[in-house]
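Trainee: Got a structure for you, questions after.
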Amino acid sequence: MAVSIGPSTLAARADAQRNRALVLAAAQRAFAERGVAVTLAEVARRAGVGAGTVYRHFPTKTDLLEAVMQQRVDRLARLAADRLGARDPGAAFFAVCAEVVSSTPRNQALCEIVQSDDGWPRTLMRSAGERFHRALEALLLAAQRHGAVRADITVADVLDVFTGSVAIQRNRPAGAELAPAVVILLDALRATPSAADVTKFRPAPELRDETAVRNETEGPCCPVCGTALAEPGAGRPRRYCSAACRQKAHRSRAAVRATG
Numbered sequence: 001m002a003v004s005i006g007p008s009t010l011a012a013r014a015d016a017q018r019n020r021a022l023v024l025a026a027a028q029r030a031f032a033e034r035g036v037a038v039t040l041a042e043v044a045r046r047a048g049v050g051a052g053t054v055y056r057h058f059p060t061k062t063d064l065l066e067a068v069m070q071q072r073v074d075r076l077a078r079l080a081a082d083r084l085g086a087r088d089p090g091a092a093f094f095a096v097c098a099e100v101v102s103s104t105p106r107n108q109a110l111c112e113i114v115q116s117d118d119g120w121p122r123t124l125m126r127s128a129g130e131r132f133h134r135a136l137e138a139l140l141l142a143a144q145r146h147g148a149v150r151a152d153i154t155v156a157d158v159l160d161v162f163t164g165s166v167a168i169q170r171n172r173p174a175g176a177e178l179a180p181a182v183v184i185l186l187d188a189l190r191a192t193p194s195a196a197d198v199t200k201f202r203p204a205p206e207l208r209d210e211t212a213v214r215n216e217t218e219g220p221c222c223p224v225c226g227t228a229l230a231e232p233g234a235g236r237p238r239r240y241c242s243a244a245c246r247q248k249a250h251r252s253r254a255a256v257r258a259t260g
């Protein structure tokens, strides 16, 4: 026999879901700002609900901590899953890596609870972690097939890089760009390290080598044809033996940039 659900019941369920979302959002902010010492009463005040509402949804602070962490990990899992269809899997993979590293320090108190020897991870956290690992692995494999990530990298390697990167990023202000050392760690995952698409950090222009290999034991030679260059006398040293070689070098650099 079918049981009908009246409008009042539906409204009550909608209110309960809304209050639960308010409590989770308030708890996320409170834990990030003040750590796990925040009381449930403080969370209720921030959420604009009664203390009884908080206890009805989360009988203990541990229950609330677990729900907040599950929500955070599920968000990262959805982020990775949503990027699977990206036109550039490599850029999508490194964008997710950057988000994980930049957002985790704001939740450090929660992460320390999860990593403690107190029965964690619990069932909900374990399932959320497994969803994130599956989504991250799928994105990693797509980036490797695209030739953007080294073929010998595994999800376990990526998680190890996350651990070191978060420890470094923790010393940076909230909202800051990734630390240069973090860029180096993420860049090590690339099939062709370049530091591009991770942050705005770039190598200094003067460190770029856009010429062919030079023979430092002999006099200066044209990098295109190898012809010895005559001393210019006064003024800037010559780099090419002729205008034709200069043009060839220009076309070669343009081709490298176009395919790079």
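Under the numbering used here, think of the first position of the sequence shown as 1, with each following residue one higher.
Backbone N, C-alpha and C define an ideal beta-carbon position, used for all residues, glycine too.
1) In whole angstroms, give me the CA-to-CA distance for D187 and T39.
2) Applying the criterion that 16 or more other CB atoms from any shown protein chain within 10 Å of the CB defines a buried residue, is L279 buried or exposed?
3) Can you tell me whether R145 is buried or exposed? The criterion is at least 16 other CB atoms within 10 Å of its CB, across all chains shown.
4) In three-state DSSP terms, what is V149?
5) Measure the beta-carbon distance from A51 to L24 and round it to whole angstroms, keeping in mind my assumption that it falls under 8 Å.
6) Is it the case that the Cβ atoms of A98 and A92 are separated by a distance below 8 Å?
7) Rounded to whole angstroms, what's the CA-CA distance from D88 to A143? Just pull it up for me.
8) Shortest alpha-carbon distance to Q17 belongs to which of A81, T192, V49, V73?
9) What is the DSSP secondary structure of R87, counted as helix, strand or coil?
10) Which value, in whole angstroms, describes the spacing of the CA atoms of F201 and V183?
11) Applying the criterion that 16 or more other CB atoms from any shown protein chain within 10 Å of the CB defines a buried residue, is L140 buried or exposed?
12) Using a Cβ cut-off of 8 Å (strictly closer), state whether V23 contacts chain D.
13) Tell me which residue opens and which closes the alpha helix (DSSP H) that R46 is part of.
14) Would you kindly check if the distance between the Cβ of M125 and the Cβ of Q71 is under 8 Å?
15) State the Cα-Cα distance for the pair E177 and T60, rounded to the nearest angstrom.
16) At what residues does the alpha helix (DSSP H) containing E66 begin and finish?
17) Applying the 10 Å Cβ sphere with the 16-neighbour rule, what's the burial state of N19?
18) Would the beta-carbon of A262 fall within 8 Å of that of E42?
19) Measure from the alpha carbon of N171 to the alpha carbon of each residue in A21, A128, S102, then state which is nearest.
Mentor: Let's see:
1) 41 Å
2) What is shown of the chain runs 1 to 260, which leaves residue 279 out entirely.
3) exposed
4) strand
5) That pair is no contact at about 16 Å.
6) no
7) 8 Å
8) V49
9) coil
10) Because the pLDDT at F201 is just 40, under 50, the model does not fix this residue reliably, and the point stays unresolved.
11) buried
12) In the structure shown, chain D does not exist; there is a single protein chain.
13) 40-47
14) no
15) 36 Å
16) 61-82
17) buried
18) No answer is possible for residue 262: it lies beyond the span of the chain, which begins at 1 and ends at 260.
19) S102
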